Amino acid sequence: MSSPLRVGVELDAAGRHPAAWRLPGARPAELFTAAHWRRLAATVDAADLELLVVPDSFRLGSADDRDQRGRLDAVAIAANLAPLTRRTGLVPVVTTTHTEPFHTHKAISALDFTSRGRAGWQVEVSTTAEEADAFGRRPSPSAPTAWHEAGETVEVVRQLWDSWEDDAVVRDLATGRFVDRDKLHHIDFRGSFFAVKGPSITPRSPQGQPLVVVPVRDEHSLAVARAHADVVRLEATGESSAGTTAAGLEATVLLDVEVLLRRDAREALEVAARLDELSPGHAPRTLRHLGTPDSLVELLHALPAGVDGVVLAPLDLPATLDLIVSDVVPRLPRAPFAGTTLRDRFGLPRPASRYAVSGGQP
108 MSSPLRVGVE
118 LDAAGRHPAA
128 WRLPGARPAE
138 LFTAAHWRRL
148 AATVDAADLE
158 LLVVPDSFRL
168 GSADDRDQRG
178 RLDAVAIAAN
188 LAPLTRRTGL
198 VPVVTTTHTE
208 PFHTHKAISA
218 LDFTSRGRAG
228 WQVEVSTTAE
238 EADAFGRRPS
248 PSAPTAWHEA
258 GETVEVVRQL
268 WDSWEDDAVV
278 RDLATGRFVD
288 RDKLHHIDFR
298 GSFFAVKGPS
308 ITPRSPQGQP
318 LVVVPVRDEH
328 SLAVARAHAD
338 VVRLEATGES
348 SAGTTAAGLE
358 ATVLLDVEVL
368 LRRDAREALE
378 VAARLDELSP
388 GHAPRTLRHL
398 GTPDSLVELL
408 HALPAGVDGV
418 VLAPLDLPAT
428 LDLIVSDVVP
438 RLPRAPFAGT
448 TLRDRFGLPR
458 PASRYAVSGG
468 QP
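Take 108 as the starting number for the sequence shown in our numbering and just add one per residue.
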């Protein structure tokens with residue numbers, strides 16, 4: 108019997124490949140509509156997957172006008188899907204480089220409320236001049252600087268999530284007191300990039316600490332993952348290198364796999380070749396699997412030790428997602444859990460506020 112697997116998906120409009128909008132069934136006229144995302148989310152939620160990751164970026168995308176470009180805000184998409192889903196965790200990407208930690212903590216806290224405890228946050232950085240120019244506040248940072256700032260951002264956000272104790276909202280009609288002010292705490296954070304006094308303006312959310320997901324693709328992101336991640340998304344070109352990196356991580360490790368599936372392996376290869384013909388030059392960012400549901404199941408049953416599951420990134424939608432749900436997920440050993448929150452799904456306890464435990468000191 109194989110070890111239980113945690114399975115998530117990253118869904119990006121018509122798919123990760125920028126030419127996927129040109130395939131039959133892609134519905135390109137609907138890619139920027141709520142109905143498109145609701146259909147995808149309903150499919151994922153019915154399959155009871157652990158995560159639905161909504162990617163985001165400050166970049167317009169490819170310079171080729173024939174490629175899919177532009178995107179909606181990931182947090183807004185997740186918030187729209189929250190009341191329409193029941194089980195799957197909703198994890199928008201929020202880039203730290205040009206975003207204030209206070210805004211990030213508030214947005215994810217609100218998502219945790221609207222999803223009834225199923226919110227997560229994937230950390231990302233921006234290192235291009237194109238992204239910096241969109242804000243006009245500072246030059247683009249180097250990757251080491253951006254990831255150092257990202258780590259500091261996570262720490263600020265986590266402290267703000269803790270700055271209201273769980274029972275800070277009292278709603279005492281007799282005295283007319285809504286909040287116990289003694290249970291709201293200044294965080295007084297001072298670091299290399301931020302000085303944040305706090306407290307939050309949002310009560311502590313259902314999970315206390317929503318799930319923090321960190322992608323690992325180099326030594327700089329790896330350092331942030333080791334220090335701050337609840338869940339790691341590992342980009343690796345092969346199973347052996349994934350196992351080597353996973354061995355040094357204490358968090359849950361999910362291997363990123365780009366996928367394009369058809370019931371016939373030859374057809375899958377032909378569709379992938381067609382996508383590359385329409386928009387060449389898009390090398391895999393991680394392990395890529397082109398084939399059938401059977402061949403993907405074989406790959407997932409052979410994940411190396413230390414890898415707890417996968418985040419599947421379909422190159423095209425909805426065709427590949429439909430096959431993942433109908434022909435792959437039912438054949439995988441899934442990790443059972445008790446509870447309703449995203450932390451429950453990953454076996455993580457709900458932490459107490461650090462300020463309540465320490466009497467108001469961080």
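Quick reminder that beta carbons are idealized off the backbone N, C-alpha and C, glycines included. Being a predicted model, the structure only gives us computed values, none of them experimental.
Take Ala372, set aside five residues on each side of it, and the residues of its chain with a beta-carbon closer than 6 Å to its own are Gly398, Thr399, in chain order.
Listed in chain order, the alpha helix (DSSP H) runs fully inside the region 259–337 are 326–335, counting runs of at least 4 residues. Judged by DSSP in its simplified three-state form, Glu231 adopts strand. The shortest C-alpha to C-alpha distance from Val116 to any of Ser402, Ser233, Val366, Ser386 is the one to Val366.
Annotation: Glu157 is outside any alpha helix (DSSP H) and is labelled neither H nor E by DSSP. Note that the C-beta distance between Thr203 and Val230 is below 8 Å. Residue environment analysis places Val338 among the buried positions, since at least 16 neighbouring C-beta atoms fall within 10 angstroms of its C-beta.
Counting along the chain, Pro456 sits inside no beta strand (DSSP E), nor does DSSP assign it H or E at all. Val319 places its beta carbon 8 Å or farther from that of Arg340. Shown here for Ala141: same chain residues with a beta carbon closer than 6 Å to its own, the five before and five after excluded, namely Asn187 in chain order. If only complete runs of 4 or more residues are kept, the region 236–260 shows the alpha helix (DSSP H) at 236–242, in order along the chain. Non-local beta-carbon contacts of Leu362 in its own chain, meaning distances under 6 Å to residues more than five positions away in sequence, involve Leu341, Ala349, Val414, Val417 in chain order. By the 16-neighbour rule on beta-carbons within 10 angstroms, Ile184 is buried. Restricting attention to Ala334, Arg311, Glu377, Glu326, the CA atom closest to the CA of Glu357 is found in Ala334. A contact between stretches requires three or more CB pairs, one per stretch, nearer than 8 Å, and the region 441–454 fails this requirement with the region 290–308. Val378 counts as buried, since at least 16 other C-beta atoms from the protein chains shown sit within 10 angstroms of its C-beta.
For Ala379, the three-state secondary structure derived from DSSP is helix.
With respect to Ile431, Leu439 sits apart: the two C-beta atoms are not nearer than 8 Å. DSSP lists Val418 as the beta-bridge partner residues of Asp363.
Secondary structure of Ala226 (DSSP, three-state): strand.
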